[in-house]
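Residue numbers (the working numbering): 2 to 512.
Every residue gets a Cβ at the ideal spot worked out from N, C-alpha and C, and that includes glycine.
The structure displayed is predicted, hence computed values, not measured ones.
Quick notes on the structure that follows.
Written out as structure tokens, the structure reads:
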């Protein structure tokens, strides 16, 4: 009977201990639900909302002709993306296609965009719980020479050295940790990372546009030199004829040896100018090779003379420029990212809530490792708040406000610079067109003057110095006309680049 009562008492005590050690489902549900109720009741986003900063945008371009937009529509619009096709040059088209594929600076910008996009994934992961585990198998043995106190009779204790056999502990814990985004700090971090990634994509487009425009500029500069070379080659042939004329006249006794020397000097000088053009042309060809990602030895561009005036470029209205320039889009996205940093800094004034849970299986008997009695768990929220930081958080908010103001100033300066670039190239195209007309008239007059002077020299009424002077003027006027055409084409390229090259913000990625 006594043994039965002892067993009953042991069972009753064990049940009482189990009730203490294991909370009821109601208590567990309340413990788990409380943090989520706090999130629903208190969750909000602290910090300012983003809006595009104001920028000085004129109503119209000062240098644009009144009919510049209408004159360019609908046939001469800049092609979307492949803006260089407006020049109808197959060789230029083929070269431009290689910039996005092989230009190393463009590939660098692409890699930087991918890095920024991966940062978005990293920031977004903080919105979800972190689950980790650390399985372990521990074999241990306690020292048998360490004294151990044992309970004795009548409350007395006895100190003895007990040899404890070695034990093996098997553990499989699982830890779950989650930071509740009550004040929107994590969400703002994700938005900031997104805005930075979109800015990086716009930087990529800006780099691509810049190198494409640079290639087109070098291309027209190179063929402008081809025009100079063709003109000088034609002039060399003409001067050879004049040299032979003076030699014939000298042999006939109607010209002096000085005339022959002047004609020879003029011919050799022109030949030297023709040879010198090869230096600049080779450099432009090498630069184009690098832009398309090739060694200079692998690219040869055949000579070609520029003959066509630049096509009209639609400039649109100034307010549309804010959507058409990738560098403006990049700067505006950085402003948005800086705005999110202000909210992140302000959220530091509020407490943070971290929910943690740990559970798993632990035993010293491997056969019972994954049995229900071997389980263990713990669950609880943690609320953390900084009480005193000597003004650190306030300084961080002020720091982010200053950084935001800096990005706004950069954005506005980018807009102003864009308008300056457009006005510069519009003025260049307008003035160079007028100059080209005047220069063409000067070329015709110089050619007519040379023809008259030549006839006078043949008639003996003018000396050869007058012929050389007229030849020099005619050659200078002709070279100036070639250079003006080259400058007009490069100015049109720079205008297209300043307008965004057919790009707009609809091409930005959605992250």
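Backbone CA spacing between residue i and residue j [nearest angstrom]
i	j	result
residue 303	residue 55	49 Å
residue 462	residue 305	41 Å
residue 432	residue 288	29 Å
residue 372	residue 350	46 Å
residue 506	residue 202	11 Å
residue 247	residue 468	11 Å
residue 252	residue 224	42 Å
residue 416	residue 323	7 Å
residue 381	residue 102	54 Å
residue 210	residue 501	8 Å
residue 144	residue 170	17 Å
residue 1	residue 470	Outside the shown range of the chain, which is 2 to 512, sits residue 1, and nothing can be said about it.
residue 450	residue 64	36 Å
residue 456	residue 472	13 Å
residue 85	residue 91	10 Å
residue 189	residue 390	23 Å
residue 447	residue 256	24 Å
residue 307	residue 127	59 Å
residue 89	residue 452	37 Å
Check whether residue i and residue j have beta carbons under 8 Å apart
i	j	result
residue 140	residue 174	no
residue 465	residue 244	no
residue 519	residue 294	Any property of residue 519 remains undetermined from this structure, which presents the chain solely from 2 to 512.
residue 420	residue 313	no
residue 508	residue 353	no
residue 186	residue 130	no
residue 426	residue 337	no
residue 46	residue 317	no
residue 1	residue 489	No statement about residue 1 is possible, as the shown extent of the chain runs from 2 to 512 and does not include it.
residue 237	residue 266	no
residue 342	residue 428	no
residue 172	residue 137	yes
residue 377	residue 386	no
residue 418	residue 335	no
Residue i (DSSP reduced to helix, strand or coil)
i	result
residue 176	strand
residue 355	strand
residue 45	coil
residue 513	Since the displayed the chain opens at 2 and closes at 512, residue 513 lies outside it and no answer follows.
residue 70	Since pLDDT at residue 70 reaches only 43, below the 50 mark, its modelled position is unreliable, and the value read off the structure follows with that caveat. Here residue 70 sits in helix by DSSP.
residue 88	helix
residue 64	coil
residue 303	coil
residue 373	helix
residue 257	coil
residue 134	strand
residue 365	coil
residue 55	coil
residue 186	helix
Local Cβ density within 10 Å of residue i, reported as buried at 16 or more and exposed below that
i	result
residue 399	exposed
residue 221	buried
residue 182	buried
residue 254	exposed
residue 340	buried
residue 495	buried
residue 48	buried
residue 191	buried
residue 441	exposed
residue 249	exposed
residue 388	exposed
residue 28	Confidence is the limiting factor: at residue 28 the pLDDT is only 49, short of 50, which leaves the residue's position unreliable, though a coordinate-based value still follows. Exposed: under 16 other Cβ atoms inside 10 Å.
residue 503	buried
residue 348	buried
residue 487	buried
residue 97	buried
residue 193	buried
Contact between the stretch 203-220 and the stretch 328-341: three or more CB pairs below 8 Å? yes
Any 3 or more C-beta pairs closer than 8 Å across the stretch 115-135 and the stretch 191-202: These segments touch.
Under 8 Å, with one C-beta from each stretch per pair, do the stretch 275-291 and the stretch 223-243 reach the 3-pair mark? yes
How do the stretch 210-220 and the stretch 426-445 stand: do at least 3 beta-carbon pairs fall below 8 Å, yes or no? no
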